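Protein chains in written order, with my numbering: chain U, 283 to 497; chain B, 2 to 183.
Glycine included, every Cβ here is placed at the ideal spot set by N, Cα and C.
From a predicted model like this one, the values you see are computed outputs, not experimental measurements.
As C-alpha cells, the structure follows; a few thoughts come after it.
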Amino acid sequence: MNFKKQFKEGLLTKNPVTVQLLGMCSTLAITTSLFNGIGMGLAVTIITICSNVLISALRKVIPNQIRIAAYITIIAGFVTVVDLFLQAYIPALAESLGVFIPLIVVNCMVLGRAEAFASKNGVLASAVDGLCQGIGYTVALVIVCVIRELLGSGTFGGGLLGPGGAGIQIIPQPFPAMQIVMPVGGFLVLGFVLAGSQWLMKHLEMKSKKKEAAK
Amino acid sequence: MKTENNVMYVLRLALTLLAITAVVAAALAGVNSITKPVIDQLTAEKTQQAIQAVLPGGGEEVDFAASSAIVSKVYKGESGYAVEVTPGGFDNTITMMVGVDYDGKVLGISIISHTETAGLGAVAAAATPAGEAFRGQFVGQSGSVSVTKDGGAMDAITGATITSRAICDGVNAALACAATLG
Chain U
283 MNFKKQFKEG LLTKNPVTVQ LLGMCSTLAI TTSLFNGIGM GLAVTIITIC
333 SNVLISALRK VIPNQIRIAA YITIIAGFVT VVDLFLQAYI PALAESLGVF
383 IPLIVVNCMV LGRAEAFASK NGVLASAVDG LCQGIGYTVA LVIVCVIREL
433 LGSGTFGGGL LGPGGAGIQI IPQPFPAMQI VMPVGGFLVL GFVLAGSQWL
483 MKHLEMKSKK KEAAK
Chain B
2 MKTENNVMYV LRLALTLLAI TAVVAAALAG VNSITKPVID QLTAEKTQQA
52 IQAVLPGGGE EVDFAASSAI VSKVYKGESG YAVEVTPGGF DNTITMMVGV
102 DYDGKVLGIS IISHTETAGL GAVAAAATPA GEAFRGQFVG QSGSVSVTKD
152 GGAMDAITGA TITSRAICDG VNAALACAAT LG
C-alpha cells in the first residue's frame with residue numbers, strides 16, 4: 283500500500299472528475315456555490331469510503347455474477363443513510379443539494395471504485411482509496427464551483443459567507459454573466475478545468491523528465 | 002461442484018443477495034427511526050416560522066373549500082389567513098406561505114421550500130436584500146398580481162420570469178382562497 287501514490291492518483295493523475303470523467307452529473311448540476319461543492323464533495327467522500335470498506339470486507343463473500351447488484355444495494359444503503367442524516371442535522375445543505383443527494387447512488391465514481399479497487403484490495407487500502415478519490419472529487423468540484431460562482435454570480439463563498447449566506451460580492455452587479463450558473467456555463471467551465479488539469483499533468487511530467495535528463 | 006447450472010449455486014446467489022438486501026433494509030429502518038422525529042420536527046418548525054412570518058401572532062389550521070388545486074393548507078389567525086400554496090416553479094413545485102388579511106390584502110409571503118436554479122430563481126427565496134425586495138413588493142397587493150412582463154406591477158426576479166410567475170400564481174391562488182373564506 284502506498285498512501286502517497288494513491289493520494290497523487292486521486293488528486294491529479296487519476297482524478298475521478300478530470301481524468302476518469304466520472305460523476306459528471308453532479309459536477310455539472312450542483313457546482314454553483316462553494317457550499318454546494320464542499321457539501322457534495324464531503325457526502326460523496328464519506329459514501330465512497332464506507333462502501334469501499336464494506337465491499338472490500340465482503341469481496342470474498344459476494345459471488346461474481348451478482349456483484350454489481352450487491353454493490354449498488356450497499357451503496358444505495360449508505361446514500362440513504364447520509365441523505366436522512368443531512369435532512370435531519372444539516373437541513374440547509376439537504377435543501378441546497380436537493381435530489382442530487384439521492385442521485386449519488388448512480389454516481390459512477392462510487393461504483394467505479396467498488397469495481398476497480400475495493401473488490402480486489404484489502405479493507406485498509408480500500409478505505410484510503412475512497413478517501414483519496416473523494417478528496418480528488420471534492421477538489422475538482424470546488425474548483426468548478428469557485429469559478430462558476432465568481433463569474434456567474436460575482437461572489438465567493440456562497441452559502442457559507444456574506445450577508446444571509448449570499449457570499450462575498452467580488453464582481454459587482456450587473457457584470458457577472460448569469461449564463462455561467464446555467465448548464466451551458468457548467469459545460470464550459472468543466473472543459474477549461476479539464477484542459478487545465480491536462481496542462482498541469484504535462485507540465486509536471488516534463489519537469490520530472492528534465493530532472494532525469496539532467497542527472 | 003461450482004457449475005453455473007447447479008441448483009445449489011443459483012440458490013446461493015439469490016440467498017446472498019437476499020441477505021445483503023435484508024441487512025441494508027434493517028440498517029435503514031434503524032437510521033430512519035432515529036432521524037424521522039428530527040426531520041418531522043424541523044418541518045413543523047419551518048411551517049410555524051413561515052406562518053409567523055406572514056401572519057403576526059400565528060394561526061390555527063382551518064378547513065377550506067379548495068378554489069385551486071395548488072392551495073394545500075389554510076391557517077386562520079387574528080389578523081387574517083396564512084395560506085400554504087404549491088405553485089409549479091422551474092423544475093418542481095415551490096412550497097410557500099402567503100398571509101392575507103381580512104380585507105383581502107397580502108400581508109407577506111414566505112417561501113418554505115423550492116428547487117429553483119441557484120443564482121437565478123433561488124434569489125426569490127434567499128435571505129438577501131434582492132430576495133427581501135422581491136418578496137416585499139407583494140405586501141399590500143390585492144385582487145390579482147402579475148409580473149410587469151404580463152402587464153402587472155411586480156418586478157420579476159429574472160428575465161425569464163418563470164419563478165416570478167409561479168410566485169404570482171401562488172399569491173393569486175391564496176388571495177382567491179382567502180376571498181372565499183371572507
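Residues Gly434 of the same chain have their beta carbon placed closer than 7 Å to that of U/Met460, with the five preceding and five following residues left out of the count. According to DSSP, residue pairing for B/Thr96 in a beta bridge involves B/Ser114.
When U/Ser308, U/Phe367, U/Lys342 and U/Gly319 are compared, the shortest CA-CA separation from B/Leu43 is found for U/Phe367. Excluding the 5 residues flanking it on each side, B/Gly122 has same chain C-beta neighbours closer than 6 Å at Phe91 and Thr164, in chain order. With a 10 Å radius around the Cβ and a threshold of 16 neighbouring Cβ atoms, U/Gln369 comes out buried.
Rounded to whole angstroms, the separation of the alpha carbons of U/Pro345 and B/Val11 is 10 Å. CA-to-CA, the gap between B/Asp64 and B/Lys77 works out to about 9 Å.
Contact with chain U is absent for B/Val8, since none of that chain's Cβ atoms lies less than 8 Å from the residue's Cβ.
For U/Val392, the nearest beta carbon of chain B is not closer than 8 Å to its own beta carbon. Pairing U/Ile417 with U/Thr327 gives a Cβ-Cβ distance under 8 Å.
Here U/Pro458 is buried, its C-beta having at least 16 other C-beta atoms within 10 Å. Residue range Pro465 to Ala496 is occupied by the alpha helix (DSSP H) that includes U/Ser479. Within chain B, not a single residue places a beta-carbon under 7 Å from that of U/Gln451; the smallest gap is close to 10 Å. Minimum Cα-Cα distance from B/Glu117 among the listed residues B/Pro88, B/Ser69 and B/Glu61 corresponds to B/Pro88. For U/Glu291, no alpha helix (DSSP H) run applies, since DSSP gives it neither H nor E. B/Asp102 and U/Gly412 have their alpha carbons spaced roughly 56 Å apart.
Listed in chain order, the alpha helix (DSSP H) elements of length 4 or more contained wholly in the region 300-349 of chain U are 306-311 and 316-339. Annotation: the continuous alpha helix (DSSP H) that includes B/Lys37 extends over Val8 to Val55. For the options U/Ser333, U/Leu470, U/Lys484 and U/Gly323, the alpha carbon positioned closest to that of U/Ala400 is the one of U/Ser333. When the alpha-carbon of U/Val381 is set against those of U/Asp365, U/Arg395 and U/His485, the nearest one is in U/Asp365. U/Pro454 is outside the set of residues whose beta carbon lies under 8 Å from a beta carbon in chain B.
Non-local beta-carbon contacts of U/Phe285 in its own chain, meaning distances under 7 Å to residues more than five positions away in sequence, involve Val410 in chain order. In the DSSP assignment, the residues bridged to U/Ile450 are U/Phe438. If you draw a straight line from the Cα of B/Val8 to the Cα of U/Ile348, it is about 16 Å long. Setting aside the 5 residues that flank it on each side, U/Gly449 is surrounded in the same chain by Ser315, Leu316, Glu431, Ser435, Thr437, Phe438, Gly439, Gly440, Gly441, Leu442 and Leu443, each with a C-beta closer than 8 Å to its C-beta; the list follows chain order.
Exposed is the label assigned to B/Ile35, since fewer than 16 other Cβ atoms lie within 10 Å of its Cβ. Cβ contact annotation for U/Leu304 (same chain, cutoff 6 Å, sequence separation greater than five): Pro298, Cys390, Met391 and Gly394, in chain order. Per DSSP, the continuous beta strand (DSSP E) segment holding B/Gly81 begins and ends at Gly81 to Val86. The bridge partners DSSP lists for B/Asp102 are B/Gly81. If the five residues before and after U/Val471 are omitted, its C-beta is found closer than 7 Å to the C-beta atoms of Val426, Ile429, Arg430 and Ile462, all from its own chain and listed in chain order.
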